[in-house]
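So in the working numbering, the last spot in the sequence shown is 160, and the numbers never skip.
A virtual CB, placed ideally from N, CA and C, is assigned to each residue, including glycine.
Just below is one structure, and these are the notes that go with it.
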Amino acid sequence: MGEIYVPLERVVPLDHEDSNHKLVMDVLFSKVNIPSENIHHIDPSLLDNIEELVDSYESQLILEFASKDSARFPVFDLILIGIGPDGHTASLFPDHPLLAEEERWVAWLNDSPKPPPTILLSLVDLPLISTDCRPLAWMKDFVYAPHLPILSRHLLTAL
2 MGEIYVPLER VVPLDHEDSN HKLVMDVLFS KVNIPSENIH HIDPSLLDNI
52 EELVDSYESQ LILEFASKDS ARFPVFDLIL IGIGPDGHTA SLFPDHPLLA
102 EEERWVAWLN DSPKPPPTIL LSLVDLPLIS TDCRPLAWMK DFVYAPHLPI
152 LSRHLLTAL
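Listed below in structure tokens is the structure:
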């Protein structure tokens, strides 16, 4: 059975309406037979200490992937994540300072334009799959655009 990680989480309790964990549990994982221990999430007891929260989630990833001969960063079998029309991915908008981060697997930001402002996110090299059913021609405009977030530039070029 595979392991499930949420690549972006708002720093709110897991049952809060803004929690991405709650969203994926309600919409997807409550409808399939996946053991709860395979669905990894932030430690809600650390919500008041963002650095410890980030370290804790990063440690979960390292523990899982360090034993699998991973490259410098974890390699996932499948990643589902949204992408905005401006190319932002996982709340990383063009020119955000976290785009230059090269050491951490997980980081946080406190300037998300969508409330709540504090978000924990995985900083891994993500190929993206769009769930947007509109024509994907607009994606080609930013696949190679250097000013857009690196995560957005790593689209599968087969689109």
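Taking the C-alpha atoms as reference points, what is the distance between residue i and residue j?
i, j, result
"Ile51", "Trp109", "8 Å"
"Lys164", "Leu93", "One cannot answer for residue 164 here, as it falls past the ends of the chain, which runs 2 to 160."
"Ile43", "Asp49", "12 Å"
"Leu129", "Ile82", "Because the pLDDT of Leu129 is 38, which lies under 50, any placement of that residue in the model is unreliable, and the number read from its coordinates should be weighed accordingly. Approximately 6 Å, taken between the alpha carbons."
"Ile5", "Val28", "14 Å"
"Val13", "Asn39", "21 Å"
"Lys32", "Glu18", "19 Å"
"Met26", "Pro117", "20 Å"
"Ser20", "Ser57", "17 Å"
"Ser123", "Pro45", "17 Å"
"Pro36", "Lys23", "16 Å"
"Ala67", "Asp112", "31 Å"
"Asp16", "Ala91", "20 Å"
"Glu10", "Ile120", "6 Å"
"Gly3", "Ala101", "30 Å"
"Asp78", "Leu47", "28 Å"
"Val55", "Val107", "6 Å"
"Glu103", "Asp96", "15 Å"
"Leu99", "Arg105", "10 Å"
Three-state secondary structure (DSSP) at residue i?
i, result
"Ser57", "helix"
"His41", "strand"
"Ile1", "This structure cannot settle anything about residue 1, because the visible part of the chain is limited to 2 through 160."
"Leu93", "strand"
"Phe65", "Correcting the residue identity first, residue 65 is Glu in this sequence and not Phe. Here Glu65 sits in helix by DSSP."
"Glu52", "helix"
"Phe77", "coil"
"Pro116", "coil"
"Pro36", "coil"
Spell out whether any CB of chain C is found under 8 Å from the CB atom of residue i.
i, result
"Glu65", "Absent from the structure: chain C. Only one protein chain is present."
What does DSSP give as the partner residues of residue i in its beta bridges?
i, result
"Val107", "Ser123"
"Glu18", "Beta-bridge pairing links Glu18 to no other residue."
"Glu10", "Leu121"
Let me check understanding here. Comparing Cα to Cα, which of the options lies closest to residue i?
i, options, result
"His41", "Glu103, Leu62 and Leu47", "Leu62"
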